[in-house]
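In the working numbering, the protein residues as written are 1 to 305.
What follows is one structure encoded as structure tokens, with my remarks underneath.
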């Protein structure tokens with residue numbers, strides 16, 4: 001009888017061990033399956049579409065970044081349009097686009113910023129640019145204001161060619177125009193001239209028109225088809241912008257209406273990645289925000305960081 005009890009006890013213990021092992025295996029299998037499902041969820045391919053509009057000063061950078069982003073995310077489609085900062089701000093506020101690009105703070109354009117989220121993705125320098133045959137490379141700020149307000153009408157008055165000055169302006173909706181007027185012209189209103197909607201068209205007209213002067217973001221000053229002017233002896237370089245020596249610059253804002261959706265957030269995160277900030281941003285003629293030694297608020301006040 002004692003032997004039978006011993007055998008029965010041993011049998012029961014063995015059976016329990018088999019059951020526990022089976023349960024453990026099932027639990028382990030279930031846990032592995034759950035982990036596998038989580039991994040699949042975490043690696044879900046991004047898909048969707050994104051429409052961006054606004055600043056033509058920011059357009060080259062946004063387009064270059066969008067192209068690289070789509071190469072990495074084949075199921076994402078991004079369309080980058082110009083139209084000017086005012087257009088970008090109004091369209092994103094209306095919900096017509098997912099991102100509205102602007103050279104200005106929304107408050108500077110009189111747009112209600114309470115529903116918008118500001119993403120500062122780069123800094124852009126802007127300067128006056130002239131036809132290469134004008135014959136000058138530097139201009140005093142006081143003279144620049146006289147040129148754009150029509151008080152100086154021939155380049156010979158500034159030591160240049162005997163050539164009538166032709167002004168090339170951007171429309172009122174342009175953030176580039178607003179930044180240039182505010183920081184290069186001290187708020188003066190330019191005289192009438194040729195008005196063009198896009199920066200690349202402005203550059204083409206300056207190149208093809210004797211005596212022409214306009215203004216362009218550094219990102220368009222990539223060749224010798226136009227001559228970028230120093231102002232008061234300070235060259236329009238990225239380094240001079242970062243230290244505050246060259247005063248005509250602005251943040252490049254990518255506004256969203258509220259927090260960005262999944263695709264917009266992924267793209268904006270990519271815009272701020274090292275890959276873009278230390279590579280595409282500088283190659284396209286912009287300045288990484290992280291390199292700035294000064295900062296500027298919506299009222300135009302500049303302080304050291």
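We put the beta carbon where it would ideally sit given N, CA and C, even for glycine.
None of these values were measured; they are calculated from a predicted model.
Problem set entry | Spatially closest choice to residue 186 from 260, 109, 145, by CA coordinates | If we check each option's Cα against that of residue 186, 145 comes out closest.
Exercise. Where does residue 308 fall in DSSP's three states?
Worked result: Because the chain is modelled from 1 through 305, residue 308 falls outside the range shown and cannot be assessed.
Problem set entry | Every unbroken beta strand (DSSP E) inside the stretch 102-184 [3 residues or more] | Listed in chain order, they are 116-130, 166-169.
Exercise. Quick one: Cα of residue 228 to Cα of residue 128, how far?
Worked result: Approximately 6 Å between the Cα atoms of the pair.
Exercise. If residue 120 and residue 252 are in contact, beta carbons under 8 Å, what's the gap, nearest whole angstrom?
Worked result: Between residue 252 and residue 120 the Cβ distance is about 7 Å, and since that is below 8 Å, they are a contact.
For this session: Work out the CA separation of residue 199 and residue 150 for me, nearest whole Å.
Result: One alpha carbon belongs to residue 150, the other to residue 199, and they sit about 22 Å apart.
Exercise. Among 77, 159, 283, 240, which one has its Cα closest to the Cα of residue 293?
Worked result: Checked all of 77, 159, 283, 240; the closest Cα to residue 293 is 240.
For this session: For residue 76, write down the residues that DSSP places opposite it in a beta bridge.
Result: Looking at the DSSP output, residue 76 shares a beta bridge with 48.
For this session: Pull up the distance between the alpha-carbon of residue 196 and that of residue 202, whole angstroms please.
Result: Near 6 Å, if we compare the C-alpha coordinates of residue 202 and residue 196.
Exercise. Does DSSP classify residue 306 as helix, strand or coil?
Worked result: Residue 306 is absent from the model: the chain starts at 1 and stops at 305.
Problem set entry | Inter-residue Cα distance where the pair is residue 75 and residue 50 | In this model, residue 75 and residue 50 are separated by some 11 Å (Cα to Cα).
Exercise. Alpha carbon to alpha carbon, what distance is there between residue 302 and residue 31?
Worked result: Reliability of the predicted coordinates at residue 31 is poor, the pLDDT of 48 falling under 50, and the value obtained from them is presented with this limitation in mind. Distance from the CA atom of residue 31 to the CA atom of residue 302, rounded to whole angstroms, is 56 Å.
Problem set entry | Nearest candidate by alpha-carbon position, reference residue 103, set 179, 233, 164 | Ranking 179, 233, 164 by CA distance to the CA of residue 103 puts 179 first.
Problem set entry | Length of the line joining the Cα atoms of residue 207 and residue 262 | Computed Cα separation, rounded: 42 Å.
Exercise. Taking DSSP as the reference, what is the three-state secondary structure of residue 67?
Worked result: Under the three-state reduction of DSSP output, residue 67 falls in the helix class.
Problem set entry | Beta-carbon contacts of residue 69 that lie in its chain and below 6 Å, excluding the five residues immediately before and after | If you ignore the 5 residues before and after residue 69, its C-beta comes within less than 6 Å of the C-beta of 267, 270, all in its own chain and listed in chain order.
For this session: On the DSSP bridge assignment, give the partners of residue 196 in chain order.
Result: The secondary-structure analysis by DSSP pairs residue 196 with nothing; it has no beta-bridge partner.
Exercise. From residue 243 to residue 82, what distance separates their C-alpha atoms?
Worked result: Inter-residue distance for residue 243 and residue 82 is about 29 Å (C-alpha atoms, whole angstroms).
Exercise. Using 8 Å as the threshold, is the stretch 155-162 in touch with the stretch 132-147, meaning 3 or more CB pairs across them?
Worked result: The stretch 155-162 is in contact with the stretch 132-147.
Problem set entry | Cβ shell of residue 291 (< 6 Å), same chain only, five flanking positions each side left out | Apart from sequence neighbours up to five positions away, the residues of its chain that approach residue 291 with a beta-carbon distance below 6 Å are 242, ordered along the chain.
For this session: Would you mind stating whether residue 305 and residue 295 have Cβ atoms separated by less than 7 Å?
Result: Yes, Cβ-Cβ distance for residue 305 and residue 295 is below 7 Å.
Exercise. Residue ranges of each beta strand (DSSP E) run of no fewer than 3 residues wholly in the stretch 211-295, ordered along the chain?
Worked result: The stretch 211-295 contains, as complete beta strand (DSSP E) runs of 3+ residues, the segments 212-217, 249-257 (chain order).
Exercise. Contact check, residue 212 vs residue 168 under 8 Å by CB: the rounded distance?
Worked result: In this structure residue 212 touches residue 168 by the C-beta definition: roughly 6 Å separates them, less than 8 Å.
Exercise. Residues bridged to residue 304 by DSSP?
Worked result: Answer is 294.
For this session: Could you work out which residue in 140, 161, 111, 125 is closest to residue 132 when comparing CA atoms only?
Result: Minimum Cα distance to residue 132 is reached at 161.
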